[in-house]
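J.:
Residue numbers (my numbering): 23 to 156.
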C-alpha cells in the first residue's frame with residue numbers, strides 16, 4: 023500500500039491503523055510505503071528527520087517512511103505521476119492519507135479516499151484478497 027502522509031492533519035491518527043494493518047499482514051508479504059508530503063494546508067512542514075522522529079516516537083511505526091515528496095503539480099514525484107495518471111485510478115490526490123493498494127505483480131488494484139480509515143472492512147478485505155493471489 024502506498025500512502026501520502028502528513029504529521030499535522032486530521033487524518034494523522036490513521037498512522038495507528040496503518041501500523042495495525044502492517045503488523046497483521048506483514049508476514050504474508052504486505053507492506054506500507056508512506057510518503058510524507060506538504061501539499062495540503064502545509065500540514066507536513068518538518069524536515070525528514072523531524073517527520074521520522076514524530077512518526078516513530080508517537081506512532082511506533084515499523085513500515086517504511088520515505089523522504090518528503092510532492093504529490094501535486096509540476097514537481098509531482100514520478101511515483102505519484104504514475105499513480106494518478108497511468109493507472110485505472112486516475113485523478114489528482116485530494117488530501118493527505120490517500121491510499122493505493124498494489125498487488126504482488128505491481129498492479130494498482132484499489133484507491134481509497136483520504137478519510138477512509140485503514141481498518142475499514144473494505145480495505146481489509148481487499149488486502150486479504152490481494153495476499154492470496156499469486
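The beta-carbon is built from N, C-alpha and C at its ideal position, and this holds for glycine as well. Keep in mind it's a predicted model, so treat the numbers as computed, not measured.
1. Could you check if residue 27 is buried or exposed, using at least 16 other CB atoms within 10 Å of its CB as the buried criterion?
2. In three-state terms, what does DSSP make of residue 154?
3. Check this for me: beta carbons of residue 13 and residue 56, under 8 angstroms apart or not?
4. With DSSP collapsed to three states, give me the class of residue 123.
5. Considering only DSSP beta bridges, list what residue 134 is partnered with.
6. Find out if the Cβ-Cβ distance for the pair residue 138, residue 131 is shorter than 8 angstroms.
7. Please classify residue 83: does DSSP put it in a helix, a strand, or coil?
8. Per DSSP, which residues does residue 7 bridge with? Please list them.
9. Please name the residue or residues paired with residue 91 in a DSSP beta bridge.
10. DSSP three-state label for residue 100, please.
11. In chain order, what residues of the same chain lie with their CB nearer than 7 angstroms to the CB of residue 80, ignoring the 5 residues before and after it?
T.: Taking the coordinates as given:
1. Locating residue 27 in the chain shown gives position 5, where the first residue counts as 1. Buried, because 16 or more other Cβ atoms sit within 10 Å of the Cβ of residue 27.
2. Looking up residue 154 in the chain shown gives position 132. In the three-state scheme derived from DSSP, where H, G and I count as helix and E and B as strand, residue 154 is classed as helix.
3. The question about residue 13 has no answer here: the residues shown for the chain are numbered 23 through 156.
4. By 1-based counting over the chain shown, the position of residue 123 is 101. Of the three classes helix, strand and coil, the one that applies to residue 123 here is strand, per DSSP.
5. Residue numbering aside, residue 134 sits at position 112 when the chain shown is read from its first letter. According to DSSP, residue 134 shares a beta bridge with 121.
6. As a first step, residue 138 is located in the chain shown; it is residue number 116 there, counting from the start. As a first step, residue 131 is located in the chain shown; it is residue number 109 there, counting from the start. For residue 138 and residue 131, no; Cβs fall outside 8 angstroms.
7. Residue numbering aside, residue 83 sits at position 61 when the chain shown is read from its first letter. Shown here, residue 83 sits in coil according to DSSP, grouped into three states, outside any helix or strand.
8. Coverage of the chain is limited to positions 23 through 156, which leaves residue 7 absent and any answer about it impossible.
9. By 1-based counting over the chain shown, the position of residue 91 is 69. DSSP, once it has assigned bridges, lists 59 as partnering residue 91.
10. Reading the chain shown from its first residue, position 78 is the one you call residue 100. Three-state result, residue 100: helix.
11. Position 58 of the chain shown, counting from 1, holds the residue named residue 80. Within its own chain, no residue has a Cβ closer than 7 angstroms to the Cβ of residue 80 once the five positions on either side in sequence are excluded.
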